[in-house]
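Shown next, in C-alpha cells, is the structure this report addresses.
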Amino acid sequence: MLLSRIGALSPRRAAARPGLLLRCWARSAGSAEGGTAEPSAGPGRVGEATKYRDSVLLPRTNFPMIVGSGSEPASLRLCVSQLCGFSELYAWQRARKAKKEFCLHDGPPYANGDPHVGHALNKILKDIRNRFEVLRGRHVHYVPGWDCHGLPIELKALGDPAGTKDLAPLQIRRKAREFAEGAVARQRAAFRRWGVVADWDECYRTSEGRYEAGELRVFREMHAKGFVYRDYKPVFWSPSTRTALAEAELEYNPRHVSRAVYVTFPLTTPPAKLASSAGGVAVLVWTTQPWSIQVNQAICFMPNTQYSLVRRADSSQLLLVATECIETLAAKLGAQLDPVGTFAGSELEGGVCQHPTVPGKTLPLLPGNHVTVGKGTGLVHVAPAHGMEDFGVATHFKLPVVGSQTHLFQTHFPPDLLAIDKTVSVALCLLLMLLTQEALQKVRVTPESARGGLMAMLDQRTYWCISRQRSWGVPIPVFYHRETDEPLLNRCAVHFPLFAEKGSDCWWELPLDSLLPPEVLKKVSTANDYVRGEDVLDIWFDSGVSWAAVLPEADPRADVYVEGRDQLGGWFQSSLLTSIAVRNKAPYRSLLVHGFTVTETGDKMSKSVGNVVDPDTIINGGEDPSVSPPYGADVLRWWVAESNIFSEVQIGPKALNSAQENINKLRNKLRFMLGNLHDFDPRSHAVDPKDTHYIDQYLLHLLRDFSIKVTDAYSEFDAGRVIRLLQAFITRDLSSFYFTIIKDRLYCDAADSLGRRSCQTVLWEILDGVTRAVAPIVPHLAEDLYLHTPGHDEGETLFRSGWMKSSSMWKKPGLEEAVEGACAIRDSFLSVVSAHKAPEYELTIAIEPGLLFELMESLQEEPTSTCSQLTELMMSSRTTLLSSMPRDLPHDALVTSGSFLINLEGGVIREESAYSLAATPCSMSRCPRCRRYTAESLDCLCPRCQTVLAGTK
C-alpha cells in the first residue's frame, strides 16, 4: 500500500583521490560543522577525554572551509578549470551521443567597448541553463556572437570626425574592423573567466563573410516576396554623421526644456459654421518645432472633440481652439478668452488657412487621429517631412512633402532630427503583422507581461527603414542605372559566393563587372551603365537574421532567446520580423526577458558618475583589496543566480558580500559531509538503501523531492528558486535536523558497522546530489568538491558524469509517516527540554494501539532501548515505548502530550492519534567516550563503546 504524506499538528523543524588532488596551495585538515564534533569533557574529565580521543571517528578532509584572499580565488579557478577541462566541455558534449538537443541562441553583444556587469548578468544567466542541460545529457547548441557593424563602432574607431572626412570607405572599414576585433577579444576573454561554456574558437561575428552572405540571402528572399522597397520615408537623421538612425540610437536630454511657440494661421476660407463670424478668425497652433513651420502643409483637428471660437479681451482677436484648452490657454497667454461659439470638430472640415510665413500658400483643415488636447490648443500643424504622424497624414491626403533646410531652434528632441530621405525599407504590411502576431502567440514569454510590450511595439510600427548612409556595414547589394536611377535588384543580382569568400569589402574593392553576375552582364551593354549602391543595412537587420546564419540547418529555430528588455524593440523584434517574412514562423520557441543592472541604491551606472562596477574587479580584486577584494567567478555567478532578474538587478559590496557569505556557508556544510566520508568508498562500502536506517531512508526520500524541484526550477530558468530550495534543504533538513541526529553514529559507532555505513551511504548520495544541484551556478566549487569526493574514477569530472541521480524506490511506503510521526513526538519532547539537554533524559512514550503505535514500533522493536532508531531520533539516552503511561512516574518527571494526524492513500484513511510522554533525568552515568548517559558508572564505558574498542584491538 502506498502511503501519502502525513500532516503533523506539531510541525517538523524546520576519502579523497590522491591522484587528482593537485592543489594550487596548501590546505589544512580539520573538522567541520562549526567545530561541534567533540564536546567538552567537563571539569575533572580532561584525562578521560584525551584517553579516548583517537578512537572517535572525527571528520577529516583537506577541502578548505573558505577560500582565502589574495590570489587564491584566481588560482583555484584556473586550477579547477584546467583539471576539469572547462575549455573542452562544449566540444565533448557536442560529440557524445544524445537523444535531445537544447538550443539557446546567443544575442550578439555590441563590440564597442569593454565587458560590464550587464554582460555578466546575461552571459552567466545563459550559462547556468546551458550547464544544466549538459548535465541532463542533452546536446547544447550555443554559439556566442558579436554585433560588429554600426555607427557607434565607426565613430569610436575614427575618433574626431573632422580629421576623417577624406578617408575612403575601405580605410574607414579597416579602422572599424580593428576596433571591433579588439572589443571582441576583450569581451571573449572576460566571458571565459566567468566560466561560460562554449567553443570560443567558433564564434560568429556579423562582420564575417560567411555570416554576411547568409544575411544577404535573407534580404534577397524578403525582396523577392515584396517586403523590401525603396521610397521616401520620414527617418531620424543625423546631420553630423549624415545617416539615418534607428530610434534606439537616439539620446534625449531629459533636463532640456523646449522653446515652444504659439502661431496663428489666418482663416481665409472658413467652414460653414464660422462663415457668419465678424472680423478675421485665426487658427491657433502650439508647437515645439517652430523650425518646421516653414514647410507646413496643413492643420489637423480632432473630429470628435468640441472646439470654440474665443475672443481675446485685450485685442478682440478671434481664435479657434479646442474648448477643453481654453482655461489653460488663457493662463499661458495672460489674456481673458471669451467664448463666442462652440461646435464639433468634424464641422471644421473644408476650412482653409493662410500660411503665416509663405505668401500665397494655403493650408487645408484636415481631420487627424494623432491630435490630442493634453497640451497646446487641440490643433496641430502638419510638416510631413519632419513627423511620423504628419507623414501619415500627407500620404493619406496626398499632400506635398518638403524638407526644411534650417534648424535654428533648440528643442527637447535629440540633436538628430526627423527628415525625409529616399530609403530602403521593409514594408510591415497588414498580412505580415497578422502573421507575426499569430506566431508570437505560440511563443512562451517569461515574464508574461513582456509579451504585451513586444506586441505594442509591433503595433506601432508601420515600416522599417533598413538603409544606413555609412561605410561600416553590410552593403545593400543594389545597382542603380547611371541615367535613370532605376534599381537593379533581383534573384540574380547578388553574387553570394563573393561575399562568403572575400567578405563585404569586395563591394568596394572589385570592379562592377566582377560584382554583377554573368546573367546580368549578358543583358546589359556594359557594366558602366550601372553604379553600385552606397547604403549599408541597419545593424538590427544584421543581428536580426542571425537565426539563418547560426542556428542548426535542420531546424533553424532556437528553444530560447535570452536578453534584456531593451531587446523587445530590438533583436527580439527584428529576428521575429525577418523570420516570419522568409519562412512564416518565429525563430524561437520561448523568450526570456531580464532587467538591467543598477547600483545598490537603484541608480543607473555611469562612468562620469564613477559608480560603474567592473566584473573583472569583482573576480580579481582592485588596486586596494580592502576596498575591492577578489571574490572569484563563483561569487559573481551566485549573484546572478540569486537576483530577481525580472526587475532592476542591484549589484554592489552588500550584494557581493552576501553572495560570498552564502557560498562559504554552503562550503561548510559540504565540507562536513565530505569530512565524514574520509574512510568511505561507495563502490565497496555502500549499503543497499532498503537496509539503511529509517532516518537515512527518509533523507533519501527528501533528496528525491529536492532533486525533482531543482530540476523543475532550472527548466524554468529560475536559478533563484534553486538557491532557495538548496538553502532550505541544507538548513532545515540537513543542518538543523539530520546532522544533529547522526553525529553520534558517525563518530562513535564502529568504523565498519552497518549503522555508520548506512549513514555514510546516504551522506554520499546527499553530497553528490547537492554538488550536482549547485554545479550550474558555481561550477568551480562543484568541480573542486567533486575532485575531493571518494568513489570517482581517475580523470572523471562532474559535468561529464550526469545530472542528479535519484530513485523512485526512495519513496518507500510508510517511511515518511514513521519518521515524521517520530519528529512530531520529538518536537513535544523538546518543547519541555532544551535540545542540548535532551541526552540527559530518559524518555517514556505512551501511544494507544493503532497506526501511530505500529509506525513507532518499526523504529524500536524492543520496549526499552538505548540504541534504537527511535532513541536516535529523540536524542535521549534511553527510550521506552508503551501503549499506556505508567502510573508510578518519578516526581521530577516532565510530562506532556500531543496528537499526530495520519493521512493515508490520499485521505482515504485518516486517523488522529494521541500520545503522551514523560522525560525523567537519566539514572545512568555519562560515557567518557561517546558522552551519552548510557554507562554503568563514571569510570566505565557504555556497552556500545566497549564493543567498539574491543573490536579495534
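The sequence shown begins at 5 in our numbering and counts up one residue at a time.
The C-beta atom is built at its ideal place from N, Cα and C for all residues, glycine as well.
Taking residue i as part of the beta strand (DSSP E), name the residues at either end of that continuous run.
i, result
"proline 371", "366-371"
"serine 211", "Taken as a continuous stretch (DSSP letters only), serine 211 belongs to no beta strand (DSSP E), as it is neither H nor E."
"cysteine 469", "467-469"
"threonine 715", "From DSSP, threonine 715 is part of no beta strand (DSSP E) but of the alpha helix (DSSP H) over 698-719."
"arginine 914", "913-925"
"threonine 601", "601-603"
"glycine 773", "Run containing glycine 773: none in the beta strand (DSSP E); it sits in the alpha helix (DSSP H), 758-778."
"arginine 536", "534-536"
"alanine 326", "322-326"
"arginine 448", "448-450"
For the putative contact between residue i and residue j, defined by C-beta atoms under 8 Å, what is the C-beta separation to the nearest angstrom?
i, j, result
"proline 388", "valine 405", "4 Å"
"valine 386", "alanine 302", "4 Å"
"valine 478", "glutamate 216", "5 Å"
"tyrosine 919", "serine 881", "Tyrosine 919 to serine 881, Cβ: 20 Å. No contact."
"serine 762", "valine 691", "5 Å"
"tyrosine 208", "aspartate 151", "About 10 Å; that fails the 8 Å criterion."
"asparagine 680", "proline 63", "5 Å"
"proline 148", "threonine 268", "Not confirmed; about 60 Å, so no contact."
"leucine 436", "phenylalanine 231", "7 Å"
Measuring CA to CA, which of the options is closest to residue i?
i, options, result
"histidine 485", "Gly477, Leu516, Pro657, Trp476", "Leu516"
"aspartate 3", "Ala180, Ile849, Lys815", "Residue coverage of the chain in this structure runs from 5 to 957, which leaves residue 3 outside it and unanswerable."
"glycine 537", "Pro560, Ile655, Ser475", "Ser475"
"alanine 842", "Arg914, Gln445, Ile745, Pro947", "Ile745"
"asparagine 648", "Val597, Ile622, Gln358, Ser632", "Val597"
"arginine 142", "Pro294, Leu313, Leu341, Arg100", "Arg100"
"aspartate 203", "Gly89, Cys83, Gln571, Val691", "Gly89"
"alanine 373", "His359, Lys365, Glu393", "Looking at the sequence itself, residue 373 is asparagine, so the reference to alanine does not match. Comparing Cα positions, the closest option is Glu393."
"aspartate 131", "Leu802, Tyr718, Glu328", "Tyr718"
"leucine 2", "Leu785, Gly380, Thr883", "Nothing can be reported for residue 2: it is not among the residues displayed for the chain, which extend from 5 to 957."
"leucine 93", "Val60, Tyr146, Thr65, Asn116", "Tyr146"
"leucine 945", "Arg933, Gly955, Phe223, Thr956", "Arg933"
"leucine 739", "Met677, Gly111, Glu185, Glu800", "For clarity, residue 739 is serine in the given sequence; the question names leucine instead. Comparing Cα-Cα distances from serine 739 to each of Met677, Gly111, Glu185, Glu800, the minimum goes to Met677."
"proline 560", "Cys510, His109, Asp638, Pro947", "His109"
Over the uninterrupted alpha helix (DSSP H) stretch that includes residue i, give me the two end residues.
i, result
"glutamine 950", "947-956"
"threonine 1024", "Beyond the ends of the chain as shown, which are 5 and 957, falls residue 1024; an answer cannot be given."
"isoleucine 829", "819-834"
"histidine 400", "392-401"
"proline 522", "522-525"
"arginine 316", "Here arginine 316 belongs to no alpha helix (DSSP H); instead the beta strand (DSSP E) covers 310-316."
"histidine 784", "783-792"
"histidine 689", "686-689"
"proline 501", "500-506"
"glutamine 577", "575-587"
"aspartate 463", "453-463"
"arginine 752", "Looking at the sequence itself, residue 752 is cysteine, so the reference to arginine does not match. 743-752 is the span of the alpha helix (DSSP H), which, as asked, contains cysteine 752."
Comparing the CB of residue i with every heavy atom of the ligand COA, is any distance shorter than 7 Å?
i, result
"leucine 819", "Among the components modelled here there is no ligand, and therefore nothing to report on the ligand COA."
The region 868-878 touching the region 815-835, judged by at least three CB pairs closer than 8 Å: yes
Inside the region 83-151 only - beta strand (DSSP E) runs reaching at least 3 residues: 105-109, 143-145
Given 8 Å, three or more beta-carbon pairs between the region 640-659 and the region 588-606: yes
Contact between the region 115-129 and the region 578-592 (3+ Cβ pairs under 8 Å): no
Three CB pairs or more closer than 8 Å across the region 288-296 and the region 270-278: no
Validate contact between the region 213-231 and the region 502-519 using beta carbons, cut 8 Å, 3 pairs: yes
Touching by the beta-carbon criterion (3+ pairs, under 8 Å), the region 340-347 and the region 298-312: yes
Inter-stretch contact at 8 Å, needing at least 3 Cβ pairs: the region 689-703 / the region 756-770: yes
Segment contact, 8 Å Cβ cut-off, at least three pairs: the region 791-810 with the region 864-871: no
Inter-stretch contact at 8 Å, needing at least 3 Cβ pairs: the region 569-579 / the region 546-554: yes
Whole alpha helix (DSSP H) elements within the region 172-211, 4-residue minimum: 173-197
Three CB pairs or more closer than 8 Å across the region 562-570 and the region 174-191: no
Meets three-Cβ-pair contact criterion under 8 Å: the region 811-821 and the region 102-110: no
At least three beta-carbon pairs within less than 8 Å, the region 154-163 to the region 460-476: yes
Three or more C-beta pairs below 8 Å linking the region 317-324 and the region 294-301: no
3 or more residues per run - each beta strand (DSSP E) lying fully within the region 861-899: 882-886
Whole runs of the beta strand (DSSP E) within the region 640-666, excluding any shorter than 3 residues: 653-655
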